[in-house]
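Following: one structure in structure tokens, then a few remarks.
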Amino acid sequence: MRNLFAQTAEKIFEHQISTALREEADEGIWPEKLWREISESGLTMALVREAAGGVNASFGESFSIALVAGKFAAPVPLVENMIANYFLDQCSIECPAGVTTLSKEVLILAQGNVSGSLADVPFGVKSDYIVSLAQHGHASHLVLLKSSDAVSAKKRLNMAREPRDTLTFDETSPVAIAPLPSHLDGTALLRGGALMRSAQISGALEEITNMTAQYAGEREQFGRPIVKFQAIQQLIAQLAEQSVLAHTSADRAFHDADFNPNSISIPVAKIISSESASLGSALAHSIHGAIGFTHEYSLHFFTRRLWSWRAEFGTATYWADQLGNAACRQGADSIWPAITGHGFAEQI
Amino acid sequence: MLLPQLDYVAIPDEAETLRQQVRDFLTTRISSRSARDQAYSWSGYDPEFSKALGKKRWLGLTIPKKYGGQDMSAYARYVIIEELLAAGAPVAAHWIADRQSAPLILKFGSEEQRLKYIPPICKGESYFCIGMSEPNSGSDLASIRTKAEKNEKGWCLNGQKVWTTGAHNCHYMIALVRTSPPSENRHAGMSQVIIDLNLPGVSIRPIKDIAGDAHFNEVIFEDVQLASDAIIGEEGKGWQQVMAELAFERSGPERFLSSIAVLNTLTDAVGKDANALQRREIGRIIAKTHALRSMSIAITSKLEEGENPTWHASCVKDMGNAFEQEIPEIAQSVLDTEPRIESGNPHAEVLAYLIQTAPSFSLRGGTKEILRGIIARGLGLR
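Read top to bottom, the protein sequences are chains R and L. When we follow this note's numbering, the leftmost residue of the first sequence carries the number 1, and every step to the right adds one. When we follow this note's numbering, the leftmost residue of the second sequence carries the number 349, and every step to the right adds one.
Here it is in structure tokens:
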């Protein structure tokens with residue numbers, strides 16, 4: 001299943017995504033044809049149960065979808081839609097047709113209506129629907145909102161010029177609402193987004209590693225390709241290491257797919273991929289020299305995303321603070337069992 | 349270029365069941381050891397402890413029963429050794445023998461050699477060291493000069509090995525030596541020989557290290573007479589055999605857990621009042637340990653399937669060693685503790701020990717430059 005997903009996604013992206021399309025997306029033009037092919041392929045329904053019209057794939061199988069989305073710097077909310085649909089289905093809410101995204105923020109729920117602002121919503125304005133959490137007292141609910149029901153919408157862009165909008169709702173009636181099942185809590189959507197970003201970062205790191213090795217083999221200085229110099233080989237080796245570390249850690253988090261608030265494999269994947277994004281981008285730019293800093297050369301489509309994604313759904317610092325806090329509260333003896341088991345005894 | 353990615357594979361349940369047994373054993377056996385002793389990690393020598401592990405049948409896990417092993421999976425071995433390392437158990441006596449000598453003899457040795465050498469290893473009674481480096485051959489291993497010359501009784505060994513960890517406590521050395529003179533193919537003409545360290549002509553001199561300990565040695569061979577069956581595997585194929593060992597040597601948890609003692613003492617020292625910087629750095633260390641462990645387990649699955657994951661093992665060792673070296677530096681930077689040789693403050697003592705020994709982490713078993721060279725070659729860059 002994993003390979004099938006990877007092949008399906010690769011086929012669509014290879015066919016549809018070009019430098020021109022990425023540049024248009026940078027200008028705010030929505031890639032309608034690309035999105036239509038993605039929707040028709042069923043990739044956004046990968047994590048939804050068959051009874052609800054989905055593919056019923058595991059997270060482990062779906063890892064390759066998010067990975068390939070990152071590898072191609074796909075300028076669409078594929079992973080957001082995929083994970084939003086998962087949460088809808090877990091709450092027995094029907095997944096709507098159209099573009100659905102998710103928010104890490106929490107709204108206030110009163111008398112069946114929701115109020116508050118959702119910041120940093122990926123493709124928020126462009127999307128038809130937003131999945132968010134809403135809280136009433138201590139009880140968290142999952143809500144499906146129509147983005148056109150927002151009372152205000154502010155368009156914002158991350159460094160990759162991907163929309164990260166702020167939408168405000170005021171006593172808005174959701175399209176659907178359901179209490180969270182017991183295995184999910186108020187951090188579930190944040191964790192879901194972090195999980196997706198860790199895979200996208202891994203895919204983008206793999207791509208820039210390949211681009212960098214290829215460039216170093218072509219670029220000549222001192223009468224030979226720069227890859228012949230040990231100094232360059234050692235840098236590329238370190239770039240490859242970062243790519244592999246991020247990949248295995250993200251794959252692990254998908255494999256575990258543990259949204260439990262005690263668990264650590266999703267926080268770990270986000271910390272590791274975010275740090276690898278920093279190191280990897282720096283190495284790729286260093287080896288490319290000035291050409292990598294130009295708009296004409298494609299490295300920036302990936303490095304601008306890496307610098308953006310590492311900060312989204314929790315920076316490395318945010319998640320490291322969560323893990324460190326749990327360890328310091330629960331004592332040194334809690335650390336090794338947390339690493340070898342399923343996380344800390346108490347929630348992080 | 350195609351980047352060889354590493355997919356995660358979980359440890360199977362039947363191997364996981366061993367974990368609690370090992371923890372219970374360690375609680376009764378070594379829980380009174382000081383943090384400073386735990387910081388020795390796989391440099392802590394205690395033959396009684398090694399024999400106790402042998403009695404528990406936790407050595408030679410992957411070795412067939414016929415040779416005294418347990419015929420279990422590489423995962424079972426992984427669970428046991430990572431629990432030993434995390435607890436700072438004194439595993440040095442049997443470490444090399446269990447990790448690579450027994451698997452090497454099993455893979456390349458004759459039936460007689462297997463039956464002679466492997467069962468005592470599995471009992472925790474027979475200890476091995478590895479003879480690789482020489483005074484003029486460090487990273488350039490192929491330039492070794494120690495030679496074994498054929499004579500009527502077998503082989504006559506002359507030369508010198510250096511930085512041989514544990515030689516003064518070991519019964520045998522498996523050494524890479526020249527069995528024919530250097531030729532144009534610099535990787536040809538070498539063989540692996542097994543040397544009884546009690547033979548006449550062998551002298552072992554401990555070398556005091558930077559922290560005042562003597563874990564490594566110089567070993568000198570003067571007309572040491574080896575029997576004709578001293579060669580392990582094929583004469584002239586020593587280089588290839590050594591390379592095959594590297595995946596075992598470079599991918600294990602000992603390549604990223606050497607500083608875990610200071611993570612523990614630091615966490616307890618800062619406690620519940622930890623500030624934001626301390627919490628973040630402790631969280632980062634936990635995350636990186638978790639991630640490197642995922643890679644190391646994924647490589648174990650490749651070993652289990654009989655693949656040779658040398659490339660990925662090099663990645664784990666390079667990143668793991670840099671990480672082990674970073675941890676004491678982080679510990680020093682986030683908490684005002686002056687390192688002390690002896691002070692009664694466990695954190696200060698562990699810090700003092702690890703700051704001094706950290707430079708060796710990226711030297712033993714292959715330097716970072718050599719590893720990155722292997723990684724670059726694997727990517728087809730050289």
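Just so it is clear, CB atoms sit at the ideal spot from N, CA and C, and this is done for glycine as well. Bear in mind the structure is a predicted one, so any value in this text is a computation, not a measurement.
Please report whether the beta-carbon of residue i lies at a distance below 9 Å from any beta-carbon of chain L.
{"i": "residue 247/R", "result": "yes"}
{"i": "residue 336/R", "result": "yes"}
{"i": "residue 187/R", "result": "no"}
{"i": "residue 241/R", "result": "yes"}
{"i": "residue 110/R", "result": "no"}
{"i": "residue 349/R", "result": "Residue 349/R falls outside the range modelled here, since chain R spans only 1 to 348, and no answer is possible."}
{"i": "residue 131/R", "result": "no"}
{"i": "residue 17/R", "result": "no"}
{"i": "residue 296/R", "result": "no"}
{"i": "residue 44/R", "result": "no"}
{"i": "residue 237/R", "result": "yes"}
{"i": "residue 316/R", "result": "yes"}
{"i": "residue 200/R", "result": "no"}
{"i": "residue 68/R", "result": "no"}
Can you tell which of the options has its C-alpha closest to the C-alpha of residue i?
{"i": "residue 539/L", "options": "546/L, 519/L, 528/L, 376/L", "result": "528/L"}
{"i": "residue 394/L", "options": "615/L, 548/L, 676/L, 441/L", "result": "441/L"}
{"i": "residue 115/R", "options": "94/R, 127/R, 298/R, 169/R", "result": "169/R"}
{"i": "residue 55/R", "options": "184/R, 46/R, 62/R", "result": "46/R"}
{"i": "residue 306/R", "options": "182/R, 38/R, 285/R", "result": "285/R"}
{"i": "residue 370/L", "options": "398/L, 428/L, 557/L, 636/L", "result": "428/L"}
{"i": "residue 722/L", "options": "223/R, 333/R, 237/R", "result": "237/R"}
{"i": "residue 49/R", "options": "20/R, 82/R, 266/R", "result": "82/R"}
{"i": "residue 719/L", "options": "710/L, 684/L, 727/L, 662/L", "result": "662/L"}
{"i": "residue 319/R", "options": "414/L, 545/L, 627/L", "result": "627/L"}
{"i": "residue 410/L", "options": "379/L, 451/L, 594/L", "result": "451/L"}
{"i": "residue 207/R", "options": "68/R, 24/R, 32/R", "result": "68/R"}
{"i": "residue 637/L", "options": "469/L, 591/L, 433/L, 383/L", "result": "433/L"}
{"i": "residue 591/L", "options": "514/L, 669/L, 613/L, 713/L", "result": "713/L"}
{"i": "residue 688/L", "options": "368/L, 559/L, 457/L", "result": "559/L"}
{"i": "residue 138/R", "options": "109/R, 64/R, 25/R", "result": "109/R"}
Got a sec: is the Cβ-Cβ distance from residue i to anything in chain R below 9 Å?
{"i": "residue 619/L", "result": "yes"}
{"i": "residue 434/L", "result": "yes"}
{"i": "residue 423/L", "result": "no"}
{"i": "residue 505/L", "result": "no"}
{"i": "residue 650/L", "result": "no"}
{"i": "residue 701/L", "result": "no"}
{"i": "residue 477/L", "result": "no"}
{"i": "residue 667/L", "result": "yes"}
{"i": "residue 352/L", "result": "yes"}
{"i": "residue 721/L", "result": "yes"}
{"i": "residue 428/L", "result": "no"}
{"i": "residue 624/L", "result": "yes"}
> How do the segment 565-581 of chain L and the segment 499-512 of chain L stand: do at least 3 beta-carbon pairs fall below 8 Å, yes or no?
Replying inline: yes
> Going along the chain, which residues of the segment 373-407 of chain L sit with their C-beta nearer than 9 Å to a C-beta in chain B?
Replying inline: The structure shown contains no chain B; its protein chains are R and L.
> Which residues, in order along the segment 320-331 of chain R, keep a beta-carbon less than 7 Å from a beta-carbon of chain L?
Replying inline: 320, 321, 322, 323, 324, 325, 327, 328, 329, 331
> Quick one: complete alpha helix (DSSP H) runs, 4+ long, within the segment 284-340 of chain R?
Replying inline: 299-309, 316-330, 335-340, all fully within the segment 284-340 of chain R.
>> If contact is defined by three or more beta carbon pairs under 8 Å, each pair taking one atom from either stretch, is the segment 464-479 of chain L in contact with the segment 431-445 of chain L?
In response: Yes, since at least three Cβ pairs between the segment 431-445 of chain L and the segment 464-479 of chain L fall closer than 8 Å, the two stretches touch.
> Fully enclosed by the segment 215-258 of chain R, which alpha helix (DSSP H) runs are 4 residues long or longer?
Replying inline: 230-256
> Are at least three pairs of beta-carbons, each pair with one atom in the segment 240-252 of chain R and one in the segment 223-232 of chain R, less than 8 Å apart?
Replying inline: Not touching, per the Cβ criterion.
>> Short of 8 Å Cβ to Cβ, which residues in the segment 209-228 of chain R face chain L?
In response: 209, 210, 213, 214, 216, 217, 227, 228
>> For the segment 526-558 of chain L, list every residue whose C-beta sits within 7 Å of some C-beta in chain R, in sequence order.
In response: none
> Any contact of the segment 116-123 of chain R with the segment 87-94 of chain R, i.e. 3+ C-beta pairs under 8 Å?
Replying inline: Counting C-beta pairs closer than 8 Å gives fewer than three between the segment 116-123 of chain R and the segment 87-94 of chain R, which falls short of the contact rule.
> What residues from the segment 73-95 of chain R come within 7 Å of chain L, judged by C-beta to C-beta, listed N to C?
Replying inline: So the list is empty, because no residue satisfies the distance condition.
> Quick one: complete beta strand (DSSP E) runs, 3+ long, within the segment 483-533 of chain L?
Replying inline: 495-499, 502-510, 520-526
> For the segment 254-270 of chain R, which residues have a beta carbon sitting closer than 9 Å to at least one beta carbon of chain L?
Replying inline: Taking 9 Å as the Cβ-Cβ cut-off against chain L, the residues of the segment 254-270 of chain R that qualify are 254, 255, 256, 264, 265, 267, 268, 269, 270.
> Using Cβ-Cβ distances below 8 Å, what residues of the segment 628-652 of chain L are close to chain R?
Replying inline: 628, 629, 630, 631, 632, 634, 635, 636, 637, 638, 639, 640, 641, 642, 643, 646
>> Count Cβ pairs between the segment 337-347 of chain R and the segment 653-667 of chain L that sit closer than 8 Å; are there 3 or more?
In response: no
> Which ranges does the alpha helix (DSSP H) cover as unbroken runs of at least 4 residues, wholly within the segment 383-467 of chain L, from first to last along the chain?
Replying inline: 383-386, 395-403, 422-434, 440-444, 450-456
>> If the cut-off is 8 Å on Cβ atoms, which residues from the segment 470-500 of chain L count as contacting chain R, listed in chain order?
In response: Correct list: empty, as no residue qualifies.
> At which residue ranges does the segment 46-111 of chain R contain complete alpha helix (DSSP H) runs of 4 or more residues, listed in the order of the chain?
Replying inline: 59-71, 78-90
> Of all the beta strand (DSSP E) runs that stay within the bounds of the segment 135-169 of chain R, which reach a length of 3 or more residues?
Replying inline: 139-146, 152-154
>> Counting only Cβ-Cβ distances shorter than 9 Å, please list the residues of the segment 673-698 of chain L near chain R, keeping chain order.
In response: Contacts with chain R (Cβ-Cβ distance below 9 Å) from the segment 673-698 of chain L involve no residue at all.
> When Cβ atoms are compared, which residues of the segment 46-64 of chain R fall closer than 8 Å to chain L?
Replying inline: Cβ contacts with chain L: none found.
> Which residues, in chain order, does the segment 11-36 of chain R contribute to contact with chain L at a C-beta distance below 9 Å?
Replying inline: none
> Does the segment 551-560 of chain L come within contact of the segment 489-502 of chain L, defined as at least 3 CB pairs closer than 8 Å?
Replying inline: no
>> What are the residues in the segment 272-288 of chain R lying within 7 Å of chain L by C-beta distance?
In response: 272
>> Quick test of the definition: if touching needs 3 or more C-beta pairs under 8 Å, does the segment 147-164 of chain R touch the segment 195-212 of chain R?
In response: no
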